[in-house]
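Participant:
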Amino acid sequence: MRMNIHLKNRVACVGAGMTLFRRRLYETSDELMWLAAKQALEDAGLTIKDIDCVVYGTAPDNFDGIHMQSEALADGGGALNKPYTRVYVGGGTGVFSAIAGWWHVASGLCRRVLVIAEEKMSHVQPHPQYVFHHIFDPVTEKPLGVNLIWIFALEMHRYMYKYNIKKEDIALVSVKNKRNALDHPAAQLGMKITVEDVLNSEVLVWPVQRLDISPISDGAVALVFTDEENAKQLTDEPIWIEGVGWNLDTMYWTNRDLAFPTYLYYAGKMAYKMAGIHNPRKEIDFAEVYDPFDYKELHHMEGLQLARKGEAPILTREGVTERDGDLPINPSGGLLGVGNPIAAAGLMKVAEVYWQLKGQAGKRQVKKDVVTGLAQAWGDLMQVGTVIIMRR
Amino acid sequence: MTRVALVGIGSTQFRPETPQKNFKELMYEAASRAYIDAGIDPRKELDCIITASEDLWEGVAIFDEYVPDQLGGVLKSVFTVGGDGLHGIIHAYMLIKTGYFDLVAVEAHSKVSEIETLQKIYHFAMDPWYVRPVVDNPYVLAALEMMNMMRLLDITFDMLDMTIMKNHLNAVEWGSPYARIYDYDNLESSEYVAQPLREVDIAPHVDGATVAVLASEEKAKELTDDPIWIEGVGWATQGGRVERTLHNLPTALNTAGNMAYVMAGIENPMAELDFAEVDDRFSFRELVSLAMLRLDGGDLMEMVVNGVYTLDGDFPVNTGGGFLGNGYPLEAGGMMKLLHAVKQLRGEAGFNQLDDPEKALVAIRREVPSNSYAVLVLGR
Numbered sequence: 005m006r007m008n009i010h011l012k013n014r015v016a017c018v019g020a021g022m023t024l025f026r027r028r029l030y031e032t033s034d035e036l037m038w039l040a041a042k043q044a045l046e047d048a049g050l051t052i053k054d055i056d057c058v059v060y061g062t063a064p065d066n067f068d069g070i071h072m073q074s075e076a077l078a079d080g081g082g083a084l085n086k087p088y089t090r091v092y093v094g095g096g097t098g099v100f101s102a103i104a105g106w107w108h109v110a111s112g113l114c115r116r117v118l119v120i121a122e123e124k125m126s127h128v129q130p131h132p133q134y135v136f137h138h139i140f141d142p143v144t145e146k147p148l149g150v151n152l153i154w155i156f157a158l159e160m161h162r163y164m165y166k167y168n169i170k171k172e173d174i175a176l177v178s179v180k181n182k183r184n185a186l187d188h189p190a191a192q193l194g195m196k197i198t199v200e201d202v203l204n205s206e207v208l209v210w211p212v213q214r215l216d217i218s219p220i221s222d223g224a225v226a227l228v229f230t231d232e233e234n235a236k237q238l239t240d241e242p243i244w245i246e247g248v249g250w251n252l253d254t255m256y257w258t259n260r261d262l263a264f265p266t267y268l269y270y271a272g273k274m275a276y277k278m279a280g281i282h283n284p285r286k287e288i289d290f291a292e293v294y295d296p297f298d299y300k301e302l303h304h305m306e307g308l309q310l311a312r313k314g315e316a317p318i319l320t321r322e323g324v325t326e327r328d329g330d331l332p333i334n335p336s337g338g339l340l341g342v343g344n345p346i347a348a349a350g351l352m353k354v355a356e357v358y359w360q361l362k363g364q365a366g367k368r369q370v371k372k373d374v375v376t377g378l379a380q381a382w383g384d385l386m387q388v389g390t391v392i393i394m395r396r
Numbered sequence: 188m189t190r191v192a193l194v195g196i197g198s199t200q201f202r203p204e205t206p207q208k209n210f211k212e213l214m215y216e217a218a219s220r221a222y223i224d225a226g227i228d229p230r231k232e233l234d235c236i237i238t239a240s241e242d243l244w245e246g247v248a249i250f251d252e253y254v255p256d257q258l259g260g261v262l263k264s265v266f267t268v269g270g271d272g273l274h275g276i277i278h279a280y281m282l283i284k285t286g287y288f289d290l291v292a293v294e295a296h297s298k299v300s301e302i303e304t305l306q307k308i309y310h311f312a313m314d315p316w317y318v319r320p321v322v323d324n325p326y327v328l329a330a331l332e333m334m335n336m337m338r339l340l341d342i343t344f345d346m347l348d349m350t351i352m353k354n355h356l357n358a359v360e361w362g363s364p365y366a367r368i369y370d371y372d373n374l375e376s377s378e379y380v381a382q383p384l385r386e387v388d389i390a391p392h393v394d395g396a397t398v399a400v401l402a403s404e405e406k407a408k409e410l411t412d413d414p415i416w417i418e419g420v421g422w423a424t425q426g427g428r429v430e431r432t433l434h435n436l437p438t439a440l441n442t443a444g445n446m447a448y449v450m451a452g453i454e455n456p457m458a459e460l461d462f463a464e465v466d467d468r469f470s471f472r473e474l475v476s477l478a479m480l481r482l483d484g485g486d487l488m489e490m491v492v493n494g495v496y497t498l499d500g501d502f503p504v505n506t507g508g509g510f511l512g513n514g515y516p517l518e519a520g521g522m523m524k525l526l527h528a529v530k531q532l533r534g535e536a537g538f539n540q541l542d543d544p545e546k547a548l549v550a551i552r553r554e555v556p557s558n559s560y561a562v563l564v565l566g567r
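Written as structure tokens, this is what we have:
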């Protein structure tokens, strides 16, 4: 990527909407998409007729039990007779669909874009882990009977070992995020817990325990992006998208050091370069980093250069990442608290950045005055990082 | 704003089976050829790689994790589109248009020969409540569509036969395993799959991979003296429920086509374009595409009967033989059409070469039962 000195189309976010996140919602996938889209359009003061293009994000293809799922769900996105496309990078899809929305506008091809991410995991019986079984290499890994928690336990262990991190410090993330989620009206798992509760919860694959993990969820999130001209007509305070970045590492995850997310470091670098950020720790006011497991929040803070290697647990212990801290991380409650409908969870983070920068986050509003926020997601076989930076 | 050019394209052969290579090796072969054609080092120069695929064609979940290694994309910006290869090209076009990206590669492939339960996957793509219980086979939907299109556009079997013969004849030069010199007697004896759809109306499946390299104007001029410019792009979907749209003309193709024409500044497509590569997954689709893209000169029957769309005609269509002649490589379908169009524009089409073509149109519809279209206008 090079710097674009002739930037013509600045991209603004002018509306956001989301459904409840729940273990099982009665609405169909189409209905969830439309509920989120309708809220986002109302927030922006637009109708579906004003939308030029629709971008849809979902992580795997098969939660709904339909091949070419994106095609089947075009109606729910209001994409009749409109340019419509689905992009995916596994768990990173949520933030990535926002990135795709960005280039639809930044290229000058579309003026008003609706970005929708939706996931309905409850369809899968008996458990969505059965879908994740198929993400592994069919020859070398699948026969071992691996599942996702198994490989994340390896990564968590490696991270703890390399930087000498205690389980108690990691559990603090879960405590913080679930507490933050108590203030989120759509949250699935907001609760008041202690470090002891996390350490005493059921061991799934050591060192991963029940309360270290985000839940299975249904939900949808939608955003409206426009070009500068439209944004200024629609609102006095558009939130600008200033930087995007994404990066994919090799699929042979067994050949990498899992202690540091190199792919995320590169993705962050790309986004920082675009946004003109030289010192992320100072220039980023708050961040929504991807936290499907509590250790991932720390891991990702380090990958994003928001903390030095091994420093993130110390910042957490010192309260720096609390809502009233110096660098609030996941003020929404994150995936651990709000829920984890994979792609929708990523886009929820972008929506949270939008609400925080607008000052519309209600009880979740961070204490300090914020100008620059960052949302990040992660996915595939611990392989992809997606980053978006927004400014007031 | 920068223009976008195609500076390299590489492809494997399209074959019914490729037992000697797995999908990664197919991708690698196509990618190496494309990178050599463009004269680039993918590890150093590529800004982004886009692949087009769907999980169920591949037999894995979250297919995008399987792609970076064989394309030279490790620790690079890589992503996957749930769409045809042409949708990937459109995303690459937009990325370059933002001004931040100089060189983007797009890959699409098919390893359909390895799919044991192809018909079940098609079945799985249908609406689970209303269609799956009653329609067992995608060709039933295609047959219903064919019936409606023949009625709406006055398409006769003679017109379909001429289209089939033309495309097979055009495919001979490409060394296609399916190319056949047909006469009316062969076609008449073809059996119905689902009336009115005959076996000869259906393009058979093939394996293969194609990679294209797109560049910004500045970069393209560094790399080559005669790039192929992408002058217009368009894409649209008719809506999710294909069974509800079978009865109507595919207006979304018209929307996509008009978007591309406006961008390319084309007002009278038939006069301003030199040839077209359009979807012919089923024989009738070629004629429907031509009608919806305003390439029928007002009277489709007259055009077909007078041989306007043949290689020697005024407006050749599917000069490479299309899917009917070469086979249908799933999501790489659009890329096969793009390959044929680029070869023509570069003057590398051998016996099929047209006389100095300047502008071409490539249009594709995704596999049944989808309803998505993508259109490109290319120029020299």
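These protein sequence lines map, in sequence, to chains A and B.
Add 4 to the 1-based position in the first sequence for the working numbering, that's all there is to it.
Add 187 to the 1-based position in the second sequence for the working numbering, that's all there is to it.
All C-beta atoms in this analysis are idealised placements derived from N, C-alpha and C, irrespective of residue type, glycine included.
These figures come from a predicted structure and were not determined experimentally.
1) Give the secondary structure of L436/B by DSSP, where H, G and I count as helix, E and B as strand, and everything else as coil.
2) May I ask you to list the residues that DSSP assigns as paired with S264/B?
3) What residue range does the beta strand (DSSP E) around Q380/A cover?
4) With burial defined as no fewer than 16 other Cβ atoms inside 10 Å of the residue's Cβ, what is the status of S376/B: buried or exposed?
5) Report buried or exposed for T51/A, applying the criterion of at least 16 other Cβ atoms within 10 angstroms of its Cβ.
6) Quick check on the DSSP output: the beta strand (DSSP E) that includes S559/B runs from which residue to which?
7) Check this for me: beta carbons of L482/B and A463/B, under 8 Å apart or not?
8) Could you work out which residues of chain B lie near Q387/A, taking near to mean beta carbons separated by less than 7 Å?
9) For a contact meaning CB atoms closer than 7 Å, what does V265/B contact in chain A?
10) Select from S240/B, S557/B and I237/B the residue whose C-alpha is nearest the C-alpha of E430/B.
11) Quick check on W250/A: does DSSP put it in helix, strand or coil?
12) How is V135/A classed by DSSP in three states: helix, strand or coil?
13) Across which residues does DSSP place S240/B in a beta bridge pair?
14) Answer with yes or no whether the minimum CB distance from G246/B to chain A is below 8 Å.
15) In this structure, does DSSP put T506/B in helix, strand or coil?
16) Give the C-beta separation of A347/A and T62/A to the nearest angstrom, bearing in mind that I take them to be a contact with Cβ-Cβ under 8 Å.
17) With a CB to CB cut of under 8 Å and the five nearest residues on each side skipped, what residues in its chain are close to A175/A?
18) With DSSP as the reference, please indicate the residues paired to T424/B in a beta bridge.
19) Which ranges would you report for the alpha helix (DSSP H) in the segment 34-81 of chain A if only whole runs of at least 4 residues count?
20) At the 8 Å Cβ level, is D394/B part of the contact set with chain A, yes or no?
21) Beta carbons nearer than 9 Å to chain B: which residues of the segment 22-43 of chain A have them?
22) I need the straight-line Cα distance from V135/A to W154/A, nearest angstrom please.
23) Grab the span of the beta strand (DSSP E) containing V194/B for me, first residue to last.
24) Starting from the N-terminal side, write out each stretch of the beta strand (DSSP E) that is 3 residues or longer and does not extend beyond the segment 153-196 of chain A.
25) Does N445/B pass the burial test, meaning 16 or more other C-beta atoms within 10 Å, or should it be called exposed?
26) Could you tell me which uninterrupted alpha helix (DSSP H) segments, each at least 4 residues in length, are contained entirely in the segment 388-426 of chain B, listed from first to last along the chain?
27) Taking a Cβ distance cut-off of 7 Å, strictly less, list which residues of the segment 88-102 of chain A are near chain B, in chain order.
28) Rank H310/B, N357/B and R319/B by C-alpha distance to the C-alpha of G507/B and give the top, closest one.
29) Taking the alpha carbon of H296/B as the point to measure from, which residue in M349/B, R319/B, K231/B and V393/B has its own alpha carbon closest?
30) Using a Cβ-Cβ cut-off of less than 9 Å, list which residues of the segment 285-303 of chain B approach chain A; keep chain order.
31) I'd like to know whether the C-beta atoms of G343/A and G98/A end up nearer to each other than 8 Å.
32) Among I453/B, L384/B, A292/B and V322/B, whose alpha-carbon lies nearest the alpha-carbon of I227/B?
33) Quick one: using the 10 Å Cβ neighbour count with 16 as the cut-off for buried, is V247/B buried or exposed?
34) Quick check: V59/A and V119/A, are their CB atoms within less than 8 Å of each other?
35) Smallest Cα separation from V254/B: which of T267/B, D289/B and L243/B?
Facilitator: Result, derived from the coordinates:
1) Of the three classes helix, strand and coil, the one that applies to L436/B here is coil, per DSSP.
2) In DSSP, S264/B forms a bridge with C235/B.
3) Membership of Q380/A in the beta strand (DSSP E) is indicated by the continuous run T376 to G383.
4) Label assigned to S376/B: exposed.
5) So T51/A counts as exposed.
6) Note, S559/B: beta strand (DSSP E), S559 to G566.
7) Their beta carbons are under 8 Å apart, which means L482/B touches A463/B by this criterion.
8) Those are E252, listed as they occur along chain B.
9) Neighbours of V265/B across chain A, judged by C-beta separation under 7 Å: L252.
10) Residue S557/B is the option with its Cα nearest to E430/B.
11) In the structure shown, the three-state DSSP call for W250/A is strand.
12) V135/A falls in the helix class under three-state DSSP.
13) Note: S240/B sits in no beta bridge, so no partner.
14) Output row for G246/B: interface = yes.
15) Note: T506/B maps to coil in three-state DSSP.
16) With 8 Å as the limit, A347/A and T62/A qualify as a contact, their Cβ atoms being about 5 Å apart.
17) So the list reads V199, V202, L203, L215, D216 and D298, once near-sequence residues are dropped.
18) Looking at the DSSP assignment, T424/B forms a beta bridge with K86/A and S559/B.
19) If we require 4 residues or more, the alpha helix (DSSP H) runs fully inside the segment 34-81 of chain A come out as 73-76.
20) Chain A, which has no Cβ nearer than 8 Å to the Cβ of D394/B, makes this no.
21) From the segment 22-43 of chain A, only D34 have a Cβ closer than 9 Å to chain B.
22) Computed Cα separation, rounded: 15 Å.
23) Here the beta strand (DSSP E) through V194/B covers V191 to S198.
24) For the segment 153-196 of chain A, not a single whole beta strand (DSSP E) run of length 3 or above is found.
25) Taking a 10 Å sphere around the C-beta of N445/B, we find 16 or more other C-beta atoms and assign the residue as buried.
26) Contiguous alpha helix (DSSP H) elements confined to the segment 388-426 of chain B occur at 404-410, taking only those with 4 or more residues.
27) Among the residues of the segment 88-102 of chain A, those with a Cβ less than 7 Å away from any Cβ of chain B are Y88, T89, R90, V91, Y92, V93, G94 and F100, in the order of the chain.
28) Shortest Cα-Cα distance from G507/B to any of H310/B, N357/B and R319/B involves N357/B.
29) It is V393/B whose Cα lies nearest to the Cα of H296/B.
30) Shown in chain order are the members of the segment 285-303 of chain B whose Cβ falls below 9 Å from a Cβ of chain A: T285, G286, Y287, F288 and D289.
31) Contact: no.
32) Nearest of I453/B, L384/B, A292/B and V322/B to I227/B, Cα basis: A292/B.
33) When all chains shown are included, V247/B counts as buried.
34) Closer than 8 Å, so yes.
35) Selection T267/B, D289/B and L243/B evaluated against V254/B yields T267/B as nearest (Cα-Cα).
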